[in-house]
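Before any comments, here is the structure.
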Amino acid sequence: MVNVTTQGLPAQAAQAKAAQAAQAKALAPAERALSMIGGDLTEKSLKLHLEGLAGVDAVGLEQRAAALGTRSIKTTSKAWALDTIIELIDLTTLEGADTPGKIRSLVAKAVNPDPSDATTPRVAAVCVYGDMVPHAVSALGGAWSGGTGSGINVAAVATAFPSGRASLAVKIADTSEAVASGADEIDMVIDRGAFLAGNFGLVFDQIVAVKEACRRSDGSFAHLKVILETGELNTYDNVRRASWLAILAGGDFIKTSTGKVSPAATLPVTLLMLEVVRDWHRLTGERIGVKPAGGIRTSKDAIKYLVTVAETVGEEWLSPHLFRFGASSLLNDVLLQRQKMTTGRYSGPDYVTMD
Amino acid sequence: MTRLAIPKTYKLYIGGKFPRSESGRTYEVSTKDGRFLANASLASRKDARDAVVAARSAFAGWSSATGYNRGQVLYRIAELLEGRRDQFVDELSATEGLTKPAATAQVDTAIDAWVWYAGWADKYVQVAGNANAVSGPYFNLSTPEPTGVVAIIAPQSGNSLLGLASVIAPAILTGNTVVVVASESAPLAAVSLSEVLATSDVPGGVVNILTGSPAEIAPWLAGHADVNAIDLAGAGLLDWVDLQIIAADTLKRVLAPEDGAPPPSLERIVAFTETKTVWHTKSLI
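Protein chains in written order, with the UniProt record's numbering: chain A, 1 to 355; chain X, 1 to 285.
Following this line, the structure appears as structure tokens:
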């Protein structure tokens with residue numbers, strides 16, 4: 001704190017920075033589960049706990065999500081929503097054909113999404129494969145947050161993304177390598193096979209181990225986002241259990257999907273995960289983030305998610321450290337809408353950069 | 001017992017589907033002497049926006065079809081128009097107050113114009129393109145290519161079918177996709193034409209037809225950054241100079257208003273094409 005004020009920053013910024021630092025020092029792995037379930041944390045007690053969660057009213061959930069999707073957001077609210085969406089985007093490229101050049105152009109877009117309008121905000125993070133992290137960090141240069149909490153984060157997918165079918169040793173190596181090369185956030189996938197087989201303890205242990213692998217040399221942690229791949233979990237009950245499991249094991253964020261499986265993020269699933277996060281906050285006072293990813297391509301869809309977040313967990317969550325969109329083509333649509341709002345005329349794909 | 005007539009709902013034609021206007025609005029179409037004829041959809045700017053999206057997504061497929069293929073598709077439309085002659089004759093007599101022979105003459109002229117244009121699909125490149133003489137060992141070839149999405153204000157005073165055929169056919173035969181604002185006072189022929197198109201081999205989105213007020217929709221199309229050209233054929237009674245100015249902001253090709261239905265011409269075909277010139281070495285001499 002003293003150190004910060006000597007740099008001449010205003011007191012408010014210093015406070016924000018201290019809060020950010022506190023957030024970075026998350027709970028040590030599995031501490032949550034110990035305090036929630038009790039001292040004798042075993043496979044059985046975990047299973048009893050997760051299976052004791054109330055079932056999801058699927059019809060009610062879908063109806064609620066559909067109702068939240070009907071809000072009409074216009075003019076100044078829409079302008080605010082569009083800028084907020086950009087600030088919440090994890091601009092993503094996860095292709096086998098990713099090249100350092102592609103990463104550089106992605107980063108250029110993240111830093112300056114609309115070159116024709118300097119008032120456009122920057123995105124929250126770029127999301128790349130682990131081996132592309134050094135390229136992303138060097139391309140970001142001074143725009144990289146580097147753990148400071150201001151600037152653009154680099155998120156890396158790890159743990160044998162997208163299938164998660166690899167040994168724990170491989171997953172840990174994958175994670176620590178990405179963290180060592182500068183990743184601020186790790187997007188891990190859970191072992192859906194183990195989860196569906198009812199082997200909750202294995203999934204739990206893997207998340208704990210990966211969380212531990214997120215520890216940097218200075219003791220702080222890279223933010224851990226746990227991808228549930230809800231498209232493969234089949235039921236809403238499973239999504240609720242997996243969300244709960246991921247939070248208990250120490251995830252900072254729960255993320256819907258890899259984007260490689262259809263269906264990816266849907267509004268009901270995201271609403272359900274937000275409800276888990278809300279319940280967790282009521283129980284413990286701790287704030288967990290949510291990231292819907294995949295399939296959100298239009299501003300209209302994204303605005304529905306904003307409404308859902310604000311109505312479920314509160315507007316406080318509409319900030320990059322608690323809510324993200326995992327998207328690539330969404331940004332272009334938001335930029336087109338933004339240009340339409342500034343110029344009063346419909347814009348076209350010729351006026352934004354290609355992905 | 002008297003039979004209850006089933007009145008037809010006239011809808012828009014966007015992306016191969018027949019939606020109502022997004023705005024939910026309709027307007028009354030009357031006969032020439034003022035009797036109620038039908039309710040037609042009153043398209044809004046958002047319908048125009050949706051139509052442009054549909055036209056843009058249809059462009060890649062339609063423009064990459066061969067000229068021969070596009071010609072065959074257009075001939076097929078002419079065949080289907082021929083099969084619906086009576087319906088068009090009835091609609092034209094009702095909306096434009098034409099006598100039966102006059103209405104029949106217009107339908108025949110429209111079909112003939114369509115066939116005339118269809119024949120150009122695999123020939124206009126040879127006429128409008130060129131092998132240029134250059135001073136060097138190169139082939140230098142100029143060929144016309146479609147401009148992209150063309151917005152069209154169809155002729156508004158009379159000739160509702162002929163006018164429509166005379167602006168749509170030349171634009172699409174080269175591979176463009178179009179968003180057409182039909183005649184406001186006589187939209188029935190346009191809606192029936194869209195039914196013909198929907199049952200023909202034209203891919204959805206190549207022709208999109210909006211009914212409603214050109215004065216309301218034209219400025220949005222003229223300013224739309226994803227529209228590459230605008231044909232103001234029927235915009236004579238609008239503030240078309242302003243439309244040209246708006247269109248210039250995004251460097252659109254513009255055709256000025258015309259009186260009545262534009263006569264068949266090669267100029268109309270070439271108006272919405274871009275010339276591509278390539279150099280190629282004369283190797284292996």
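C-beta: ideal position from N, C-alpha, C; glycine also. Values in this document were obtained by computation on a predicted structure and should not be read as measured data.
For the beta strand (DSSP E) that contains Lys255 (chain A), what are its first and last residues?
Here the question's residue 255 (chain A) lines up with position 255 in the first sequence. Counting along the chain, the beta strand (DSSP E) containing Lys255 (chain A) begins and ends at Phe253 to Lys255.
Would you say Leu61 (chain A) and Gly259 (chain A) are within 8 Å of each other, going by their C-beta atoms?
Translated into the one-based positions of the first sequence, residue 61 (chain A) becomes position 61. Translated into the one-based positions of the first sequence, residue 259 (chain A) becomes position 259. Not a contact, by the Cβ cut-off of 8 Å.
Kindly say whether Tyr236 (chain A), judged by its beta-carbon, lies nearer than 8 Å to any beta-carbon of chain X.
Working through the first sequence from its first residue, we reach residue 236 (chain A) at position 236. For Tyr236 (chain A), the answer is no, since every Cβ of chain X falls outside 8 Å of its Cβ.
Starting from the C-beta of Pro170 (chain X), find all residues in its chain whose C-beta is less than 7 Å away, skip the five residues before and the five after it, and write them out in chain order.
Translated into positions along the second sequence, residue 170 (chain X) becomes position 170. Closer than 7 Å at the Cβ level, and outside the excluded window around Pro170 (chain X), lie Tyr117, Arg268 and Ile269.
For the segment 173 to 191 of chain X against the segment 84 to 102 of chain X, do three or more pairs of beta-carbon atoms, one drawn from each stretch, fall closer than 8 Å, so that the two count as touching?
As far as the Cβ criterion goes, the segment 173 to 191 of chain X touches the segment 84 to 102 of chain X, which means the pair count is three or higher.
Answer with buried or exposed for Leu335 (chain A), where buried requires no fewer than 16 other C-beta atoms within 10 angstroms of its C-beta.
By one-based count along the first sequence, residue 335 (chain A) stands at place 335. Classification for Leu335 (chain A): buried.
Could you spell out where the alpha helix (DSSP H) holding Arg278 (chain A) opens and where it closes?
Here residue 278 (chain A) is taken as the residue at index 278 of the first sequence, counted from 1. Here the alpha helix (DSSP H) through Arg278 (chain A) covers Leu267 to Thr284.
Quick one: using the 10 Å Cβ neighbour count with 16 as the cut-off for buried, is Leu283 (chain A) buried or exposed?
Against the first sequence, residue 283 (chain A) aligns to sequence position 283. By the 10 Å Cβ count, Leu283 (chain A) comes out exposed.
Could you check if Glu91 (chain X) is buried or exposed, using at least 16 other CB atoms within 10 Å of its CB as the buried criterion?
For the purposes of this step, residue 91 (chain X) is taken as residue 91 along the second sequence, with counting starting at 1. Its Cβ being crowded by 16 or more others within 10 Å, Glu91 (chain X) is buried.
Please go through the same chain and pick out, in chain order, the residues whose beta-carbon is closer than 8 Å to the beta-carbon of Leu318 (chain A), but skip the five residues on each side of it.
Along the first sequence, read from residue 1 onward, the residue named residue 318 (chain A) stands at position 318. Within the same chain, Leu318 (chain A) has close Cβ partners Thr84, Leu88, Leu306, Val309 and Ala310.
What residue does the alpha helix (DSSP H) around Met341 (chain A) start on, and which one ends it?
On the first sequence, residue 341 (chain A) is found 341 positions in, with the first residue counted as 1. Here the alpha helix (DSSP H) through Met341 (chain A) covers Ser329 to Thr343.
Given a threshold of 16 other Cβ atoms within 10 Å of its Cβ, counted over all protein chains shown, does Lys255 (chain A) qualify as buried or as exposed?
On the first sequence, residue 255 (chain A) is found 255 positions in, with the first residue counted as 1. Buried, by the Cβ-count rule.
Going along chain X in order, which residues have a C-beta closer than 9 Å to the C-beta of Asp252 (chain A)?
If you number the first sequence from 1, residue 252 (chain A) lands on position 252. By Cβ distance, chain X contributes nothing, its closest Cβ being about 38 Å from Asp252 (chain A), past 9 Å.
Is Arg253 (chain X) close to chain A? Criterion is C-beta to C-beta, closer than 8 Å.
The residue given as residue 253 (chain X) occupies position 253 in the second sequence. Not one chain A Cβ lies under 8 Å of Arg253 (chain X).
At a Cβ cut of 9 Å, what residues of the segment 39 to 59 of chain X count as close to chain A, listed as they run along the chain?
Flagged, chain order: Arg45, Ala48, Arg49, Val52 and Arg56.
In chain order, what residues of the same chain lie with their CB nearer than 8 Å to the CB of Gly38 (chain A), ignoring the 5 residues before and after it?
Looking up residue 38 (chain A) in the first sequence gives position 38. Hits under 8 Å: Ser45.
Could you tell me which whole alpha helix (DSSP H) segments of length 4 or greater appear in the segment 177 to 229 of chain A?
Within the segment 177 to 229 of chain A, the complete alpha helix (DSSP H) runs of at least 4 residues are 192 to 196 and 200 to 213.
Under DSSP, the alpha helix (DSSP H) around Ala58 (chain X) begins and ends at which residues?
Indexing the second sequence from 1 puts residue 58 (chain X) at position 58. First-last of the alpha helix (DSSP H) with Ala58 (chain X): Arg45 to Ser64.
I believe Ile288 (chain A) touches Ile247 (chain A) by the beta-carbon criterion, under 8 Å. Please report the beta-carbon distance rounded to the nearest angstrom.
Against the first sequence, residue 288 (chain A) aligns to sequence position 288. Against the first sequence, residue 247 (chain A) aligns to sequence position 247. That belief holds up - the Cβ atoms of Ile288 (chain A) and Ile247 (chain A) are roughly 5 Å apart, short of 8 Å.
So, using beta-carbon positions, are Asp237 (chain A) and Gly52 (chain A) closer together than 8 Å?
The sequence position of residue 237 (chain A) within the first sequence is 237, counting from 1. The sequence position of residue 52 (chain A) within the first sequence is 52, counting from 1. Contact: no.
What's the gap between the Cα of Ser285 (chain A) and the Cα of Asp279 (chain A)?
Walking along the first sequence from the start, residue 285 (chain A) turns up at place 285. Walking along the first sequence from the start, residue 279 (chain A) turns up at place 279. Note on identity: in this sequence residue 285 (chain A) is Gly, with Ser being the wrong assignment. Distance between the alpha carbons of Gly285 (chain A) and Asp279 (chain A): 9 Å.
Give a yes or no on whether the C-beta atoms belonging to Thr109 (chain X) and Leu173 (chain X) are separated by under 8 Å.
Here residue 109 (chain X) refers to the residue found at position 109 of the second sequence. Here residue 173 (chain X) refers to the residue found at position 173 of the second sequence. No, the Cβ-Cβ distance between Thr109 (chain X) and Leu173 (chain X) is not below 8 Å.
For chain X, find out if any of its Cβ atoms is closer than 8 Å to the Cβ of Gln337 (chain A); answer yes or no.
Translated into positions along the first sequence, residue 337 (chain A) becomes position 337. Chain X, which has no Cβ nearer than 8 Å to the Cβ of Gln337 (chain A), makes this no.
Roughly how far, in whole angstroms, is the beta-carbon of residue 290 (chain X) from the beta-carbon of Ser200 (chain X), given that I think they are within contact range, below 8 Å?
The question about residue 290 (chain X) has no answer here: the residues shown for chain X are numbered 1 through 285.
At a CB-CB cut-off below 8 Å, which residues of chain X make contact with Tyr305 (chain A)?
The residue you call residue 305 (chain A) lines up with position 305 of the first sequence. Within chain X, no residue comes near Tyr305 (chain A); the closest Cβ sits about 22 Å away, beyond 8 Å.
Let me make sure I understand the geometry here. Which of A:Lys78, A:Trp144 and A:Val123 has the alpha-carbon closest to that of Lys340 (chain A)?
By one-based count along the first sequence, residue 340 (chain A) stands at place 340. Lys340 (chain A) has its Cα closest to that of A:Lys78, out of A:Lys78, A:Trp144 and A:Val123.
For a quick check, are the C-beta atoms of Gly175 (chain X) and Trp279 (chain X) less than 8 Å apart?
Here the question's residue 175 (chain X) lines up with position 175 in the second sequence. Here the question's residue 279 (chain X) lines up with position 279 in the second sequence. Not a contact, by the Cβ cut-off of 8 Å.
Any beta-carbon of chain A closer than 8 Å to the one on Ala248 (chain X)?
The residue given as residue 248 (chain X) occupies position 248 in the second sequence. Taking Cβ atoms only, chain A never reaches closer than 8 Å to Ala248 (chain X), which makes this a no.
What residues in the segment 173 to 198 of chain A have a beta carbon less than 9 Å from any beta carbon of chain D?
Absent from the structure is chain D; the protein chains it does hold are A and X.
What does a CB cutoff of less than 6 Å around Phe253 (chain A) pick up in its chain, not counting 5 residues either side in sequence?
As a working note, residue 253 (chain A) is residue 253 in the first sequence. The answer, listed in chain order, is Lys225, Gly289 and Lys291.
Give me the chain X residues within the contact set of Tyr351 (chain A), using Cβ-Cβ distance strictly less than 7 Å, ordered along the chain.
In the first sequence, counting from the first residue as 1, residue 351 (chain A) sits at position 351. Going along chain X in sequence order, the residues near Tyr351 (chain A) (Cβ under 7 Å) are Ala225.
According to the neighbour-count rule (16 or more other Cβ atoms, all chains shown, within 10 Å of its Cβ), is Phe139 (chain X) buried or exposed?
Position 139 of the second sequence, counting from 1, holds the residue named residue 139 (chain X). By the neighbour-count rule (16 or more Cβ atoms within 10 Å), Phe139 (chain X) is not buried but exposed.
Nearest CA to the CA of Lys252 (chain X): which residue from X:Ala102, X:Trp220, X:Asp239 and X:Val150?
The count along the second sequence starts at 1 and reaches residue 252 (chain X) at position 252. Looking at the Cα atoms, X:Val150 is the closest of the given residues.
Span of the alpha helix (DSSP H) holding residue 357 (chain A)?
Past the edges of chain A, shown from 1 to 355, lies residue 357 (chain A), and the structure says nothing about it.
Please state whether DSSP places His135 (chain A) in a helix, a strand or coil.
Reading the first sequence from its first residue, position 135 is the one you call residue 135 (chain A). Residue state, collapsed to three classes: helix.
Specify the secondary structure class of Val107 (chain X) as computed by DSSP and reduced to three states.
Within the second sequence, numbered from 1, the residue matching residue 107 (chain X) stands at position 107. If DSSP states are grouped into helix, strand and coil, Val107 (chain X) belongs with the helices.
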